[in-house]
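Residue numbers (this note's numbering): 519 to 861. A quick write-up on the structure given underneath.
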Ligand SMILES: NC(=O)c1ccc[n+]([C@@H]2O[C@H](COP(=O)([O-])OP(=O)(O)OC[C@H]3O[C@@H](n4cnc5c(N)ncnc54)[C@H](O)[C@@H]3O)[C@@H](O)[C@H]2O)c1
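Shown next as structure tokens:
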């Protein structure tokens with residue numbers, strides 16, 4: 519199968535591209551390296567330096583003998599997207615190519631506007647070019663559980679059956695996003711659902727929990743193939759920051775009022791879900807949604823009473839909930855109970 523990964527230089531995009539290439543698919547990646555520019559803008563960087571995408575593609579070919587085709591370009595530019603689709607002719611598109619940070623989108627007016635223009639316009643370009651060039655291509659789009667917000671009822675997978683004044687319908691589940699980033703994903707979801715309905719495109723929206731972990735079979739093959747680990751306040755998740763604090767032996771810093779509850783997913787599970795969505799595609803005209811997370815964590819931090827390190831901070835982590843939505847899909851559980859094994 520021919521699979522084009524949009525956002526292929528990113529934390530999830532690069533390991534996904536390698537995973538699919540290793541399984542014999544013809545893989546291409548598209549990226550404009552925007553993430554690397556945002557890092558420079560905010561003066562942050564991943565924990566371990568990451569090779570350029572050109573170097574990683576070369577290293578992948580050296581290590582495995584497999585080629586990943588590289589397209590450098592901005593998804594906001596329609597001509598770029600159409601030309602990549604015409605050249606590569608994908609059977610499946612995996613769309614990770616967005617600004618992925620809620621805190622970044624809330625820094626100021628410019629970043630809020632940028633996030634929505636980048637994400638919504640990029641996805642619209644993908645939909646219009648799919649319609650024109652490869653209408654039978656299946657789209658796998660990364661959404662987020664954050665699209666739903668935190669309602670006081672169980673969250674359904676995309677849709678909810680409602681009885682209202684004696685009539686019944688299945689309608690999109692209410693979205694109460696908590697940032698301009700999450701709202702960009704909500705707008706994407708509506709645009710994709712519309713395109714599936716009117717143009718008969720086929721799409722799977724994967725609403726994933728926060729992804730953790732940096733190790734896959736492929737990233738472990740060579741240090742040049744590693745993916746990024748962020749622990750800064752814009753691109754690092756609270757979980758990543760807790761891991762770094764735990765390993766460094768400094769107190770965990772509470773996020774907000776400390777009351778948030780989030781579901782998490784290991785990077786290997788993320789990639790496996792994407793593969794399953796490609797191999798078991800939506801039908802033409804179908805827009806389907808899967809909510810995916812497997813874990814909740816309990817982080818603890820306390821002062822040591824050990825004679826060797828009296829008063830020093832000790833941190834530990836346990837997973838407290840195990841739950842998979844998307845029912846029959848997967849699951850490989852790859853968690854360890856110590857933060858140091860994740861970084
Ligand atoms: N990481 C998570 O925990 C998580 C959880 C749920 C959903 N997601 C979603 O998955 C996707 C990927 O997340 P990530 O953590 O890998 O982010 P990332 O920032 O590491 O990767 C995104 C990639 O897309 C590229 N990109 C962004 N805008 C682009 C544009 N206009 N044109 C071309 N390339 C562009 C960036 O340069 C970057 O390489 C995002 O849509 C994110 O919202 C991530």
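Heads up, the beta-carbon is just placed ideally off N, CA and C, and yes, glycines get one too. Predicted model, so just to flag it, every value in this text is computed and none were measured.
Check: Proximity test, residue 636 beta-carbon vs ligand 1 heavy atom, cut-off 8 Å; Outcome: yes
Check: Inter-residue Cα distance where the pair is residue 776 and residue 603; Outcome: 44 Å
Check: Ranges of the alpha helix (DSSP H) found wholly within the stretch 592–655, counting only runs of at least 4; Outcome: 596–606, 620–623, 627–634, 640–651
Check: Contact between the stretch 613–630 and the stretch 655–671 (3+ Cβ pairs under 8 Å); Outcome: yes
Check: Candidates 643, 621, 594: closest to residue 699 by CA position; Outcome: 621
Check: Beta-carbon gap between residue 723 and residue 782 smaller than 9 Å; Outcome: no
Check: Residue 682 - partner residues in DSSP beta bridges; Outcome: 685
Check: Residue from 633, 779, 572 with nearest C-alpha to residue 518; Outcome: One cannot answer for residue 518 here, as it falls past the ends of the chain, which runs 519 to 861.
Check: Beta-carbon separation (whole angstroms), residue 750 vs residue 562, contact threshold 8 Å; Outcome: 4 Å
Check: beta-carbon residue 726 near ligand 1 non-hydrogen atom, thresh 8 Å; Outcome: yes
Check: Residue 691 to residue 646 span [Cα, whole Å]; Outcome: 25 Å
Check: Paired residues, beta bridge with residue 659 - DSSP; Outcome: 613, 723
Check: Buried versus exposed call for residue 727 [16 or more other C-beta atoms within 10 Å across all chains shown]; Outcome: buried
Check: Collapsed DSSP secondary structure at residue 838 in the structure displayed; Outcome: Here residue 838 scores only 45 on pLDDT, less than 50, and its place in the model should not be relied on; the value that follows carries that caveat. Residue 838: strand per DSSP, three-state reduction.
Check: Residue 594 Cβ short of 8 Å to ligand 1 heavy atom set; Outcome: yes
Check: Residue 616: CB within 8 Å of a non-hydrogen atom of ligand 1; Outcome: yes
Check: Closer than 8 Å: residue 602 CB and nearest ligand 2 heavy atom; Outcome: By its list of ligands, the structure shown excludes ligand 2, since it contains just ligand 1.
Check: Cβ-heavy atom distance, residue 729 to ligand 1, below 8 Å; Outcome: yes
Check: C-beta atoms of residue 665 and residue 725 nearer than 9 Å; Outcome: yes
Check: Spatially closest choice to residue 579 from 522, 649, 675, 736, by CA coordinates; Outcome: 736
Check: C-beta contact flag for residue 800 and residue 656 at 9 Å; Outcome: yes
Check: Enclosing beta strand (DSSP E) for residue 784 [first to last residue]; Outcome: 782–784
Check: Identity of the residue in 623, 590, 652 nearest residue 695 by Cα; Outcome: 623
Check: Proximity test, residue 548 beta-carbon vs ligand 1 heavy atom, cut-off 8 Å; Outcome: yes
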